[in-house]
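Numbering (our numbering), first residue to last: 14 to 432. In what follows, a single structure is set out as structure tokens and then discussed.
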């Protein structure tokens, strides 16, 4: 690895009007969908061939994702002669990441949880993804002297600010999230801090939360606790010490209702242990759920409540946390199929989709019934509109109808029909 350099890379403004005009044209070419734009303005419904497709009111790219993609595209314009690297994935969508690779952006991979940075030089550019990166990884890149393009979402940085405050107050950060997720790992590294004196615990669900609450109230087997949360606690974590003063935070893409329940249960456990009058000395909480995540969850719930649907299709990357939660919501109400693209709609008989419980793709038979059927569609915050359009088109194709036929009498016909 290159030696540490003394001079910092110059700050470069990637978002000049000239650059962003070029970026806008290219991004729209790759990801825009005139069909989806049209449906947004006409009530989000399209019918034909016995199928009625209904779009949730909020779906697809959020501002943070759009910003991250724009910055990645801008990087290729501003640094055309430099080697450009991306730390893992810009967002959790395979088509978007593959598109960046096709544009010449190389991917840096993690080996046993540590990014392989050998070979990077001070002449290289490194893009930090929307989830952010761990403190140690950022330090290593800075020591090499690379030009850094940081696309970290503002909502994620809000969580970082919160856990830093917890650390300053001597509180352990209890993070509701997925310990293996890039965002949660980045947040956990901020909870520890550069001095390494902070502590965190990641809880994935309510079952783990209840285990922690029981330990707070009654104590327990420390060895068993540490084994249960192996890989989800800070170095040197001691539940007998570090659960006495806690602050709750979360991965921004978790479900708000579950995070609120995690907070409520931990708050009650602390109150039972130390008394309500002492709660303020032992417990902190701040709402850090991403607004776009909540908006998409609310829109899906609203559609499920108001529309009579026979099935739901959720489009997005299988490793996308916010998308998987949309699928969870759907599964609780009706047959739900989580697909990454239209190719997974194999035929009227077969659909290949992600099974959240098995953690793998499965094929379901007889998914698209004959006769009249109402299909709901939503997509995660990292899913581009062109993939949603292709899914809608494929649905109608399975009934032998081209979307352009359905829209023949509308003024959008010429814009929507692909030449």
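For glycine and all other residues, C-beta sits at the position ideal for the given N, C-alpha and C.
So if DSSP puts residue 213 in a beta bridge, which residue, or which two residues, is it bridged to? 186
Based on the DSSP output, what are the partners of residue 328 in its beta bridges? 352, 392
Exposed or buried, which one is residue 173 when buried takes at least 16 other CB atoms within 10 Å? buried
Rounded C-alpha distance that separates residue 341 from residue 305: Straight-line spacing of the CA atoms in residue 341 and residue 305 works out to 17 angstroms.
One or two residues paired with residue 119 in a DSSP bridge: 98
If distances are taken between C-alpha atoms only, which option among 200, 257, 189, 70 comes closest to residue 146? 200
Hey, could you find the ends of the beta strand (DSSP E) residue 167 is sitting in? That residue, residue 167, is in no beta strand (DSSP E); its alpha helix (DSSP H) goes 167 to 181.
Residue 23 to residue 282 span [Cα, whole Å]: 50 angstroms
Answer with buried or exposed for residue 401, where buried requires no fewer than 16 other C-beta atoms within 10 angstroms of its C-beta. Buried, since its Cβ has 16 or more Cβ neighbours within 10 Å.
Would you say residue 195 and residue 129 are within 8 angstroms of each other, going by their C-beta atoms? The answer is no: Cβ separation not under 8 angstroms.
According to DSSP, residues forming a beta bridge with residue 262: The partner list for residue 262 (beta bridge, DSSP) reads 188.
Helix, strand or coil: which one does DSSP assign to residue 229? helix
Given that a residue counts as buried once 16 or more other Cβ atoms are within 10 Å of its Cβ, and exposed if not, what is residue 220? exposed
In this structure, how does DSSP classify residue 401 when only helix, strand and coil are distinguished? helix
Please state if the CB of residue 291 and the CB of residue 67 are separated by a distance shorter than 8 angstroms. no
Which runs of the alpha helix (DSSP H), 4 residues or longer, sit entirely within the region 227 to 315? 235 to 241, 252 to 255, 269 to 287, 292 to 295
Tell me which residue opens and which closes the beta strand (DSSP E) that residue 366 is part of. Its beta strand (DSSP E) spans residues 363 to 368.
Residue 83, enclosing alpha helix (DSSP H) - first and last residue: 76 to 91
Who pairs with residue 128 in a beta bridge, going by DSSP? 123
DSSP three-state call for residue 359: helix, strand or coil? coil
Work out the CA separation of residue 224 and residue 370 for me, nearest whole Å. Straight-line Cα distance between these residues: approximately 22 angstroms.
Just the C-alpha distance for residue 311 and residue 47, rounded to the nearest angstrom, thanks. 25 angstroms
Under DSSP, the alpha helix (DSSP H) around residue 378 begins and ends at which residues? Where residue 378 is concerned, there is no enclosing alpha helix (DSSP H), although the beta strand (DSSP E) it sits in stretches over 373 to 378.
Buried or exposed for residue 28, going by 16 or more other Cβ atoms inside 10 Å? exposed
Segment contact, 8 angstroms Cβ cut-off, at least three pairs: the region 225 to 235 with the region 248 to 256: yes
Tell me whether the region 70 to 89 and the region 383 to 397 touch, counting them as touching only if at least three CB pairs, one residue from each stretch, are closer than 8 angstroms. Segments in contact, yes.
Relative to the C-alpha of residue 138, which residue among 127, 373, 160 is closest? 160
Could you give the distance in angstroms between the alpha-carbon of residue 378 and the alpha-carbon of residue 335? 27 angstroms
Looking at residue 164 and residue 142, is the spacing between their C-beta atoms short of 8 angstroms? The answer is yes: Cβ separation under 8 angstroms.
Contact under 8 angstroms by Cβ, residue 148 with residue 222: If you check the CB distance, residue 148 and residue 222 do not come in under 8 angstroms.
Beta-bridge pairing of residue 416 - partner residues as DSSP gives them: Looking at the DSSP assignment, residue 416 forms no beta bridge with any residue, so it has no partner.
Could you name the residues of the same chain whose beta carbon sits closer than 6 angstroms to that of residue 31, not counting the 5 residues immediately before and after it, in chain order? none
Ignoring anything shorter than 3 residues, give me the beta strand (DSSP E) runs that lie fully in the region 132 to 170, in order along the chain. 138 to 141, 160 to 163
Among 158, 248, 216, 37, which residue has its Cα nearest to the Cα of residue 273? Looking from the CA of residue 273, the closest CA among 158, 248, 216, 37 belongs to 216.
First and last residue of the beta strand (DSSP E) that includes residue 322? Counting along the chain, residue 322 falls outside any beta strand (DSSP E), and DSSP gives it neither H nor E.
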